[in-house]
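The opening position of the first sequence corresponds to residue 3 in my numbering, with each subsequent residue numbered one higher.
Heads up, the beta-carbon is just placed ideally off N, CA and C, and yes, glycines get one too.
None of these values were measured; they are calculated from a predicted model.
Structure record follows, encoded as structure tokens.
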Amino acid sequence: MIQLIRGFKDILPDETETWRHIEDTAIALFQSFGFKEIRLPIVEKAELFQRSIGELTDIVEKEMYTFAGSKEELITLRPEATASVVRSYIQQKLYAKEPIQKLYTIGPMFRRERPQKGRYRQFYQINAEVFGIASPYIDAQLIFMLWTFFERLKISGLTVQLNSLGCPACRPTFKAALSSFLASKTESLCKDCVRRQDKNPLRVLDCKVPSCQEAIGDAPSMTDYLCEDCAGHFNSVQSALKQQGIPFELTPRLVRGLDYYTRTAFEIQTNALGAQNAIAGGGRYDMLVKMLDGPEQPAIGFAIGLDRLAALVMQGHPQEELAPDIFIAALGEESREKTFEWSCALSVEGIRTEIDFSGKSLKALMKRANRINAANVLIVGTQEIEDSAIVLRNMVTKEQVTVPIEGMVNYIKKYLTTQNRVV
RNA sequence: GUGGGUGUAGCUCAGUUUGGUAGAGCCCCUGGUUGUGGCCCAGGACGUCGUGGGUUCAAGUCCCAUCACUCACCCCA
Numbered sequence: 003m004i005q006l007i008r009g010f011k012d013i014l015p016d017e018t019e020t021w022r023h024i025e026d027t028a029i030a031l032f033q034s035f036g037f038k039e040i041r042l043p044i045v046e047k048a049e050l051f052q053r054s055i056g057e058l059t060d061i062v063e064k065e066m067y068t069f070a071g072s073k074e075e076l077i078t079l080r081p082e083a084t085a086s087v088v089r090s091y092i093q094q095k096l097y098a099k100e101p102i103q104k105l106y107t108i109g110p111m112f113r114r115e116r117p118q119k120g121r122y123r124q125f126y127q128i129n130a131e132v133f134g135i136a137s138p139y140i141d142a143q144l145i146f147m148l149w150t151f152f153e154r155l156k157i158s159g160l161t162v163q164l165n166s167l168g169c170p171a172c173r174p175t176f177k178a179a180l181s182s183f184l185a186s187k188t189e190s191l192c193k194d195c196v197r198r199q200d201k202n203p204l205r206v207l208d209c210k211v212p213s214c215q216e217a218i219g220d221a222p223s224m225t226d227y228l229c230e231d232c233a234g235h236f237n238s239v240q241s242a243l244k245q246q247g248i249p250f251e252l253t254p255r256l257v258r259g260l261d262y263y264t265r266t267a268f269e270i271q272t273n274a275l276g277a278q279n280a281i282a283g284g285g286r287y288d289m290l291v292k293m294l295d296g297p298e299q300p301a302i303g304f305a306i307g308l309d310r311l312a313a314l315v316m317q318g319h320p321q322e323e324l325a326p327d328i329f330i331a332a333l334g335e336e337s338r339e340k341t342f343e344w345s346c347a348l349s350v351e352g353i354r355t356e357i358d359f360s361g362k363s364l365k366a367l368m369k370r371a372n373r374i375n376a377a378n379v380l381i382v383g384t385q386e387i388e389d390s391a392i393v394l395r396n397m398v399t400k401e402q403v404t405v406p407i408e409g410m411v412n413y414i415k416k417y418l419t420t421q422n423r424v425v
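Shown next as structure tokens:
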């Protein structure tokens, strides 16, 4: 038997309705906030991610699916979407027509990590990106939009974590202060943190080892080192969030894993999924467009983890079954020939219709109708054909009515309306 | 990449200690009811015991390897 690849998964029919419900909810909401869809390839030149995400990040160092696209060129299955959106914004010169662009995209990402609950090697994200707006209002508006999205999906137990990562003017000062602080604590840090100390000191703040948390208890905080502009921006984001009634926690230890973030960084966390608690995350990346050879344009965006979100939504209420409105039980070849035609006609009218061609006994057909939770069964045998009238059985009330074959489709449509079946 | 747990029927799991010809419940199929589902009763189908090797007269059981799933670390959505 050929099995799927480690870390990949099938999304089966008992989940897909939930997935589409989430996507439909997001699309409707995002459109109301002025977003338009962009669809992008899932492979790009490896260089795009190396330059945007950062050579020293875990993603680029060890998690990317990169292979030869041609003799000269390495290509990569995208590990995230922002880089591609930025690439397109620049390459297609979207800024020339209108610098302010609000874009969303939905699709799979690929990272070669060890799989675990809520983490797959192919996972799905909804991404939203805004180009050309520097105002802190847009930061707050994006978070408000996210919060509203989760409210519409009736997700509870969420928290908003907020931080500011500063900008090229102030972050270096902070990094230096942090480095010298960490140097004084080397003995009390775990071995991972000792390694991070040089490579990426900000990451030490994020360590979950208790002894490390203790050691960095009075470590310098980025927010104390923000330059005047960054501090002003951060304050404005916070007051705008308060204005909209969004609860948030300041989390100085919130560090994003990608190098391109500046200023506002945020994460939406759940308490219901174990270790993989981030279901959305994002932030501002004002330097990235320029870094990738585009014009100087501020930008901000976020990603929602669909796999984790779908798991949360289904924890609340398992997906509703798409049960048939009508199940046709035809007895004998002559009946099958007629009902085949009726079945098509009913389906065309938007009635969920299932017909069984197997030629089994009526008892067996009724069993199947019951199993697939059909609301009604249409029983058609030689007697009914002869009488030009068929039997319609309501599977819940067990009521049976005789329906003339003439005008049957309209009769059934009306009948279903009385059952509150939307046709 | 590192560590723990688990792989036996479509599903949930016994059986492994102490080697001796694979089990239960659910599901599925047929009949009891000539053309009426769920409940009940009777009967039936379904397994290379994750895979490959080894030890043995004999391996689901012991040994080695390997794969997968799962949880956690790392990191992130």
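With the cut-off set at 7 angstroms, would you say R123 and R114 are in Cβ contact? Result yes, Cβ atoms of R123 and R114 sit closer than 7 angstroms.
Start-to-end residues for the alpha helix (DSSP H) that takes in I7: Counting along the chain, I7 falls outside any alpha helix (DSSP H), and DSSP gives it neither H nor E.
L148 (DSSP reduced to helix, strand or coil): Three-state result, L148: helix.
Would you identify the three-state DSSP class for P406, choosing helix, strand or coil? Here P406 sits in strand by DSSP.
Assuming contact is defined by CB atoms lying nearer than 7 angstroms, are E401 and I392 in contact in what I supplied? No, the pair does not count as a contact, with Cβ atoms beyond the cut-off.
Cβ neighbours of H235 in the same chain (closer than 7 angstroms, five flanking residues each side left out): Only P138 and R265 meet the Cβ criterion.
Member of V162, Y417 and R41 whose CA lies at the smallest distance from the CA of D327: Per the Cα distances, Y417.
Between L31 and the rest of its own chain, which residues show a CB-CB distance below 6 angstroms, the 5 nearest in sequence each way excluded? Same-chain partners within the cutoff: F151.
6 angstroms Cβ shell around G283 - same chain, five flanking residues per side excluded: Counting only Cβ-Cβ distances below 6 angstroms, and skipping sequence neighbours, we find E269.
Ordered along the chain, which non-local residues of its own chain (more than five positions away) have a Cβ less than 6 angstroms from that of V382? Contacts found: A332, S337, T341 and I392.
Could you check what DSSP says for M111 in three-state terms: helix, strand or coil? M111: strand per DSSP, three-state reduction.
Same chain, Cβ closer than 6 angstroms to Q246, five either side skipped, listed in chain order: Closer than 6 angstroms at the Cβ level, and outside the excluded window around Q246, lie F146.
The beta strand (DSSP E) with G303 in it runs from where to where? Its beta strand (DSSP E) spans residues A301 to G307.
Decide if T20 is buried, meaning its Cβ has at least 16 other Cβ atoms within 10 Å, or exposed. Flag for T20 reads buried.
What does a CB cutoff of less than 6 angstroms around L134 pick up in its chain, not counting 5 residues either side in sequence? Checking the sequence shown, residue 134 turns out to be Gly, not Leu. Here G134 has P101, I102 and Q299 as same chain residues with Cβ atoms under 6 angstroms from its own Cβ, once five neighbours each way along the sequence are excluded.
Run of the alpha helix (DSSP H) containing E46, from where it starts to where it stops: That residue, E46, is in no alpha helix (DSSP H); its beta strand (DSSP E) goes V45 to K47.
Alpha carbon of I128 to alpha carbon of S181, nearest angstrom: Rounded to whole angstroms, I128 to S181 spans 36 angstroms at the Cα level.
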